[in-house]
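K.L.:
Residue numbers (the numbering used here): 34 to 287.
Ideal Cβ placement from N, Cα and C applies to all residues, glycine included.
Take this structure, written in structure tokens, and hold onto it; I'll ask about it next.
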């Protein structure tokens, strides 16, 4: 099925994006080989670790880096981090993350809109991480975002689609790819997000903390593909009341 994910004018065959916050080499290898990931996020500080542990050495050349502005507390800091990332050769893609809240790690939507507009005007392909809010999503679209990335639940919680109804509104109303980010804990939840019409799913903790990382990466790949196929095919009807036999009940004894 020719159904590419298009971001910033580039086509991707996979709709699974790996978040590398809980980064280890086994996770990256499994996400690429078993999960089929073609986009991997990268915090700038990860590129400054010891040479023997440099994450850049373990990401295949065909995989697109999605540097994030993790650690930024306002738009100014996010813009500075993005520019440093591009100067280091990490490309024009950037995931804007701005968080002043250290307990729940919720994104600051207002500062995110500011940073998105500045970076989009400077030629970045901006994917902002945000609390699902229709008005903010509209502002991000106007600011030049290439997609919006609403959280499903608090980062690292594995609680699943806690903001399901709000995300559905964004999918229905925003003319941009909606990438469900943060909180997805199971392949079934990733599948549900895709069935809703999400363009892609980002996962990290669910795979990084699994008992078998390669198998879980494979499970997410299959779940995302199944959910996307079901969405494109068209979901079956739902009856509000009663039931409907799948076979005629008249004349079956003749």
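Relative to the alpha-carbon of residue 96, which residue among 208, 107, 144, 64 has its alpha-carbon at the smallest distance?
P.N.:
Walking along the chain shown from the start, residue 96 turns up at place 63. Minimum Cα distance to residue 96 is reached at 64.
K.L.:
Could you give the residue range of the alpha helix (DSSP H) that holds residue 264?
P.N.:
Start at 1 with the first residue of the chain shown, and residue 264 comes out as number 231. Note, residue 264: alpha helix (DSSP H), 246 to 266.
K.L.:
Does DSSP put residue 220 in a helix, in a strand, or in coil?
P.N.:
On the chain shown, position 187 is the one that residue 220 refers to. Residue 220 falls in the helix class under three-state DSSP.
K.L.:
By DSSP, does residue 40 sit in helix, in strand, or in coil?
P.N.:
As a first step, residue 40 must be located in the chain shown, where it is residue number 7. Strand, per DSSP.
K.L.:
Inspect the beta-carbon positions of residue 237 and residue 219 and report whether they are closer than 9 Å.
P.N.:
Sequence index remark: in the chain shown, residue 237 carries index 204 (1-based). Sequence index remark: in the chain shown, residue 219 carries index 186 (1-based). No, they are not a contact pair.
K.L.:
Under the DSSP definition of a beta bridge, which residues are partnered with residue 161?
P.N.:
Looking up residue 161 in the chain shown gives position 128. DSSP, once it has assigned bridges, lists 129 as partnering residue 161.
K.L.:
If you drop the 5 nearest sequence neighbours on each side, which residues of the same chain put their C-beta closer than 6 Å to that of residue 106?
P.N.:
As a first step, residue 106 is located in the chain shown; it is residue number 73 there, counting from the start. Taken in chain order, the residues that qualify are 133.
K.L.:
For residue 227, does the count of other Cβ atoms within 10 angstroms reach 16, so buried, or fall short, so exposed?
P.N.:
Position 194 of the chain shown holds residue 227. Looking at its Cβ environment, which holds 16 or more other Cβ atoms inside 10 Å, residue 227 is buried.
K.L.:
Kindly indicate which three-state DSSP category residue 191 falls into: helix, strand or coil?
P.N.:
The sequence position of residue 191 within the chain shown is 158, counting from 1. If DSSP states are grouped into helix, strand and coil, residue 191 belongs with coil.
K.L.:
By a C-beta neighbour count over all protein chains shown, 10 Å radius and 16 as the cutoff for buried, is residue 48 buried or exposed?
P.N.:
Taking the first residue of the chain shown as position 1, residue 48 is located at position 15. So residue 48 ends up on the buried side.
K.L.:
Look up residue 51 in the DSSP assignment and give the residues it is bridged to.
P.N.:
Along the chain shown, one-based indexing puts residue 51 at 18. DSSP lists 73, 236 as partners of residue 51.
K.L.:
Under a three-way DSSP split, which group does residue 97 fall into?
P.N.:
Stepping through the chain shown from its first residue, residue 97 is reached at position 64. Of the three classes helix, strand and coil, the one that applies to residue 97 here is strand, per DSSP.
K.L.:
With DSSP as the reference, identify every bridge partner of residue 214, one or two as the case may be.
P.N.:
For the purposes of this step, residue 214 is identified with residue 181 of the chain shown, where counting begins at 1. Partner(s): 184.
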